Amino acid sequence: MEYALIVLAVILVIFIIWIISTSNSLNRAIVKIEEASSGIDVALTKRYDTLTKMIEVVKSYAKHEKETLFETISLRQNMTTAEKIDANKKMNSNLEKIYALAENYPELKASENYNTLQKSIADTEEHLQAARRMYNSNVSIYNQKLVTFPTSIIANAKGLTKETFFEAEDVKKEDVKIDL
Numbered sequence: 008m009e010y011a012l013i014v015l016a017v018i019l020v021i022f023i024i025w026i027i028s029t030s031n032s033l034n035r036a037i038v039k040i041e042e043a044s045s046g047i048d049v050a051l052t053k054r055y056d057t058l059t060k061m062i063e064v065v066k067s068y069a070k071h072e073k074e075t076l077f078e079t080i081s082l083r084q085n086m087t088t089a090e091k092i093d094a095n096k097k098m099n100s101n102l103e104k105i106y107a108l109a110e111n112y113p114e115l116k117a118s119e120n121y122n123t124l125q126k127s128i129a130d131t132e133e134h135l136q137a138a139r140r141m142y143n144s145n146v147s148i149y150n151q152k153l154v155t156f157p158t159s160i161i162a163n164a165k166g167l168t169k170e171t172f173f174e175a176e177d178v179k180k181e182d183v184k185i186d187l
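Per the working numbering, the very first residue in the sequence shown carries number 8; after that it's consecutive.
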């Protein structure tokens, strides 16, 4: 009789340890989902901040280049022939310097800004996709635990329900409109 009580007590202790362990496992899975959800928020914030700032930089620089070009053209239109000849000599001298500089630095500033913008967009989108994949991976692990016996017994007792996978709203599925 005493032996049976000891065996029953050991089984009860093992059962309690299993309940606690399973409950903790489910709780950790919930925390991982919350962390991954926060990662998506971080990526969306990064996307917004990076893209809006980079677009403004590119717009500003492109505007500067455009204004400089139009200013140069309008100055030439109001010059006398002698002034144009003098300006042409000065521009030829400056062009030689620019060509020498261009040989050392073949990429123009505007193209660098556009290239940086393109790289920033790609980096930001990759970061966001990784955050979404991490979230969906954690949801998958959690949902599998909910339907796997015997963990499902504890999950049902705790009233846990399946989490939904990340699905972007229809508006957010569209590309970001970049108006330069």
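Beta carbons are placed, not taken as given, at the ideal position from N, Cα and C, and that holds for glycine. Given the structure is predicted, the values throughout are model-derived calculations rather than measurements.
Counted as a single uninterrupted DSSP element, the stretch harbouring residue 169 is not any alpha helix (DSSP H), since DSSP gives it neither H nor E. A residue is called buried when at least 16 other Cβ atoms come within 10 angstroms of its Cβ; residue 16 does not meet this threshold and is exposed.
Here residue 131 is buried. Its C-beta has 16 or more other C-beta atoms within 10 Å. Taken through DSSP and simplified to helix, strand or coil, residue 22 comes out as helix. Per the coordinates, the alpha-carbon of residue 173 lies some 53 Å from the alpha-carbon of residue 10. Taking the Cα positions, residue 146 is about 43 Å away from residue 67. Between the region 47 to 56 and the region 148 to 156, the count of C-beta pairs closer than 8 Å stays below three; the two stretches do not touch. Nearest C-alpha to residue 52 among 33, 37, 152, 128: 128. The DSSP-derived three-state label of residue 174 is coil.
By the CB criterion at 9 Å, residue 142 and residue 47 fall inside the cutoff.
Ranking 61, 166, 161, 50 by CA distance to the CA of residue 137 puts 50 first. Closest in alpha carbon position to residue 164, among 8, 27, 18, is 27. In this structure, the straight-line span from the alpha carbon of residue 149 to that of residue 20 is close to 26 Å. With respect to residue 40, residue 170 sits close: the two C-beta atoms are nearer than 9 Å. Per DSSP, reduced to three states, the secondary structure at residue 61 is helical. Judged by DSSP in its simplified three-state form, residue 8 adopts coil rather than helix or strand. 9 Å or more divides the Cβ of residue 61 from the Cβ of residue 135.
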